[in-house]
Amino acid sequence: MTQASEPLSPSSSLAAEYKRLEQLIDYAAQGHDISRFGGHAVLYVNPDTHRIIDSNLYALSMTGYTRDQLVGLPLEDLEVPIGTDDTPRTYVENSVVEHVYMCNYRQRSGHLIPVEVHRRLLYKNEDRVLYYRIEDRSMVSRLWRELQRREDAGFQFQQRLKALNELTMELSRIDAQDALCYQTIKLGVERLGFDRMGMWFCNVENGEMVGSYGIDETGTIRPEHNQRWPFTDTFVTDFLAGRTEVVARYEEVPLFNDRSEVVEYGWHLAAPMQHGAELIGILTVDNLLRKQPMKNYEPELLRMYGITVGHLMQLRRVRDQAFAVRLEQARTGMLREFIAKVGHDFKTPLAVINTSSFLLQRLDDGEKRAAQSSRIQQQVRLISQMLDDILEFVALERELVLNYSLVDLRPLIQDVIDEHASAAADKTLQLEVQLDQTTIIRVDSQQIRRALSELLKNAIQYTPPGGRICVSAIRYPEEIGIRVQDSGMGISSLAIDKVFKPLYRADEARTDRRTGLGLPIAKTIVEAHHGRIILESMQGQGSTFEIILPQI
5 MTQASEPLSP SSSLAAEYKR LEQLIDYAAQ GHDISRFGGH AVLYVNPDTH
55 RIIDSNLYAL SMTGYTRDQL VGLPLEDLEV PIGTDDTPRT YVENSVVEHV
105 YMCNYRQRSG HLIPVEVHRR LLYKNEDRVL YYRIEDRSMV SRLWRELQRR
155 EDAGFQFQQR LKALNELTME LSRIDAQDAL CYQTIKLGVE RLGFDRMGMW
205 FCNVENGEMV GSYGIDETGT IRPEHNQRWP FTDTFVTDFL AGRTEVVARY
255 EEVPLFNDRS EVVEYGWHLA APMQHGAELI GILTVDNLLR KQPMKNYEPE
305 LLRMYGITVG HLMQLRRVRD QAFAVRLEQA RTGMLREFIA KVGHDFKTPL
355 AVINTSSFLL QRLDDGEKRA AQSSRIQQQV RLISQMLDDI LEFVALEREL
405 VLNYSLVDLR PLIQDVIDEH ASAAADKTLQ LEVQLDQTTI IRVDSQQIRR
455 ALSELLKNAI QYTPPGGRIC VSAIRYPEEI GIRVQDSGMG ISSLAIDKVF
505 KPLYRADEAR TDRRTGLGLP IAKTIVEAHH GRIILESMQG QGSTFEIILP
555 QI
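Numbered by this note's numbering, the letters in the sequence shown go through residues 5 to 556 in order.
See the structure below:
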């Protein structure tokens with residue numbers, strides 16, 4: 005273990021301090037990163053042996069030791085009393101006791117640095133440790149803070165505002181709320197430089213905040229939709245009362261994980277997502293991951309980001325409301341069309357049932373009676389299938405609830421292929437699958453399975469014997485495609501715009517007993533996932549249906 009040398013003389017200490025000042029000024033003049041001269045040093049100390057067990061990078065820079073040299077060093081080799089009344093001041097917050105005192109810290113070179121120490125007892129990886137936050141009070145540190153304040157207030161803030169303007173345009177092009185929430189967190193970290201972010205929506209009726217997406221302790225974006233916390237007697241009530249300023253807690257406050265456990269101490273910001281006087285939710289930021297001091301512009305930048313996202317959320321709500329009005333109008337028209345078309349579809353099997361029932365009453369031959377009975381059963385099954393499709397389509401249109409989860413598309417697609425392999429074999433169709441790599445996507449697996457099944461059934465129905473059907477997955481920059489391509493009869497240009505209309509069938513005489521709801525069901529499911537279905541077809545040359553889903 006490397007031992008600290010004897011303290012330098014006052015003149016030598018002053019010379020060392022002056023040298024550090026010169027170095028800081030040179031770094032700033034040349035435009036280099038000067039963060040190494042500032043920030044808070046952190047030491048973790050064994051409460052029994054008072055030896056150092058861990059530190060952050062600032063502590064290494066401040067003391068001049070490497071991590072290997074510093075770990076295991078007795079704390080008394082670093083701390084030097086200042087010779088005056090250095091009795092610690094004691095503070096208590098949230099049942100956590102903190103002691104604050106002034107002293108000098110001895111660098112490896114022997115130079116003494118005046119510091120303010122904040123000491124508290126906490127748990128790190130379930131072990132008791134003493135947490136030391138050391139604030140450099142030297143001339144170099146004071147100059148660094150002033151340079152940093154001016155830099156943050158100028159160039160960096162302008163760059164962040166430019167990035168905010170650019171990502172606002174990107175976010176405005178997102179229609180799906182879930183995708184908008186995800187990208188808000190992703191771009192806030194990547195482009196605006198925030199550390200650990202979270203997004204919460206305000207449920208005023210239940211008096212609670214509802215999670216959306218956030219950053220976990222490893223820096224990974226995680227879904228937090230199932231997380232709740234009551235906002236009574238918190239800063240959220242100030243936002244509801246009209247406060248628009250960011251709530252900033254600069255001192256070492258507890259930072260929590262998703263299990264409400266204290267994992268670190270740092271600073272915390274919360275900004276309202278507002279549209280006018282309405283509070284939509286909040287954005288939160290802390291410094292759990294990088295443990296850097298708060299930049300002067302970060303509260304204002306977060307406030308502006310909250311306003312931007314709140315405005316975009318409200319625009320999405322307005323679009324959804326307008327869409328709901330158009331949808332209701334379309335449903336009314338569809339109901340009229342339904343009554344006209346489905347009446348014809350039910351009339352034929354009912355006529356068959358009526359005729360067969362009449363004959364059953366007059367036939368004595370057992371074989372002929374069995375044949376008529378079989379016809380009745382067949383028509384009943386047909387009506388039952390038609391009713392099932394109609395009821396399912398109405399349910400999907402009115403109350404489709406998606407149960408999202410992360411899904412690997414390869415086994416999902418293969419399962420659908422296996423389900424229809426027998427029907428394809430009956431027509432001697434060649435069924436191919438092209439899945440080159442694992443593709444993970446967040447969807448309702450059962451509903452997407454149903455949508456793909458409808459496309460595959462349609463391809464089998466309209467591909468003549470001996471034909472070919474290929475199912476493949478395609479990865480786009482921000483989307484995933486599931487393609488069903490067949491060598492069937494194709495669709496005329498006049499019919500392409502009609503195939504997704506409920507009850508439409510290419511057979512206008514309606515001799516085909518399918519309900520004409522399979523493709524509309526698939527379209528409804530895909531659009532509920534904020535996706536779309538693309539159709540390319542030429543009569544006599546086959547068709548290609550492709551489900552396009554956002555990759556969140």
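Using N, Cα and C, we set each Cβ at its ideal position, and we do this for glycine too.
Model, not experiment: these values are computed from the prediction.
Within 10 Å of its beta-carbon, does residue i have 16 or more other beta-carbons around it, so buried, or fewer, so exposed?
i, result
"Tyr109", "buried"
"Thr6", "Below a pLDDT of 50, predicted positions are generally treated as unreliable, and Thr6, at 41, falls in that range; no measurement from the model is reported."
"Phe159", "exposed"
"Asn129", "exposed"
"Leu456", "buried"
"Asn358", "exposed"
"Thr91", "exposed"
"Glu332", "exposed"
"Glu170", "exposed"
"Arg164", "buried"
"Phe198", "buried"
"Tyr95", "exposed"
"Asp419", "exposed"
"Val322", "exposed"
"Gln557", "Past the edges of the chain, shown from 5 to 556, lies residue 557, and the structure says nothing about it."
"Ser547", "buried"
"Trp3", "Absent from the model: residue 3. The displayed extent of the chain is 5 to 556, so no value can be given."
According to DSSP, is residue i helix, strand or coil?
i, result
"Ile445", "strand"
"Thr288", "strand"
"Asn462", "helix"
"Gly370", "helix"
"Val356", "helix"
"Gly192", "helix"
"Arg320", "helix"
"Val384", "helix"
"Lys128", "strand"
"Phe504", "coil"
"Pro300", "Strictly speaking, residue 300 in this sequence is Asn, with Pro absent from that position. Asn300: coil per DSSP, three-state reduction."
"Asp52", "coil"
"Glu265", "coil"
"Val75", "coil"
"Ser59", "strand"
"Pro118", "strand"
"Asp179", "coil"
"Ser496", "coil"
"Pro415", "helix"
"Gly544", "coil"
"Ser361", "helix"
"His534", "coil"
"Val329", "helix"
"Val420", "helix"
Going by DSSP, what residues sit across from residue i in a beta bridge?
i, result
"Leu3", "In the structure displayed, the chain extends from 5 to 556; residue 3 sits before or after that span and is not available."
"His103", "Thr94 and Arg123"
"Val46", "Arg137"
"Tyr69", "Partner(s): none; Tyr69 has no beta bridge."
"Ile486", "Ala477 and Ile551"
"Cys206", "Met213"
"Met277", "Gly285"
"Glu436", "Cys474"
"Ala375", "In DSSP, Ala375 forms no bridge with anything."
"His272", "Arg253 and Asp290"
"Met201", "Val289"
"Asp392", "DSSP output for Asp392 lists no bridge partner at all."
"Gly218", "Gly202 and Arg226"
"Asp81", "DSSP, once it has assigned bridges, lists no residue as partnering Asp81."
"Pro524", "Note: Pro524 sits in no beta bridge, so no partner."
"Arg110", "Leu116"
"Pro258", "Tyr269"
"Leu410", "Arg446"
Is there a Cβ of chain D sitting closer than 7 Å to that of residue i, yes or no?
i, result
"Ala355", "Among the chains in the structure shown there is no chain D, since it carries only a single protein chain."
**Request:** Would you check if there are 3 or more beta carbon pairs closer than 8 Å linking the region 187-204 to the region 285-292?
**Result:** Contact holds: three or more Cβ-Cβ distances are below 8 Å.
**Prompt:** Using 8 Å as the threshold, is the region 257-270 in touch with the region 181-189, meaning 3 or more CB pairs across them?
**Reply:** no
**Request:** Please list the segments of the alpha helix (DSSP H) lying wholly inside the region 223-249, counting only runs of 4 or more residues, in order along the chain.
**Result:** 239-244
**Request:** Examine the Cβ distances between the region 487-495 and the region 534-553 and report whether three or more of them are shorter than 8 Å.
**Result:** They touch, by the three-pair rule.
**Message:** With three or more C-beta pairs closer than 8 Å as the rule, is the region 218-233 touching the region 306-323?
**Reply:** no
**Message:** Assess contact between the region 442-450 and the region 474-485, defined as three or more Cβ pairs (one per stretch) separated by less than 8 Å. Is contact present?
**Reply:** Below 8 Å, enough C-beta pairs join the region 442-450 and the region 474-485 to call them touching: three or more.
**Prompt:** Do the region 61-72 and the region 96-104 meet, that is, are 3 or more Cβ pairs less than 8 Å apart?
**Reply:** Because the criterion of three Cβ pairs below 8 Å is not met, the region 61-72 and the region 96-104 do not touch.
**Message:** I'd like to know if the region 233-240 and the region 210-224 are in contact, where contact means that at least 3 CB-CB pairs between them fall below 8 Å.
**Reply:** yes
**Item:** Inter-stretch contact (C-beta, 8 Å, three-pair minimum) for the region 42-58 and the region 67-78
**Value:** yes
**Prompt:** Counting pairs of beta carbons, one from the region 461-477 and one from the region 421-439, are three or more of them closer than 8 Å?
**Reply:** In this structure the region 461-477 lies against the region 421-439, because at least three pairs of beta carbons, one per stretch, are closer than 8 Å.
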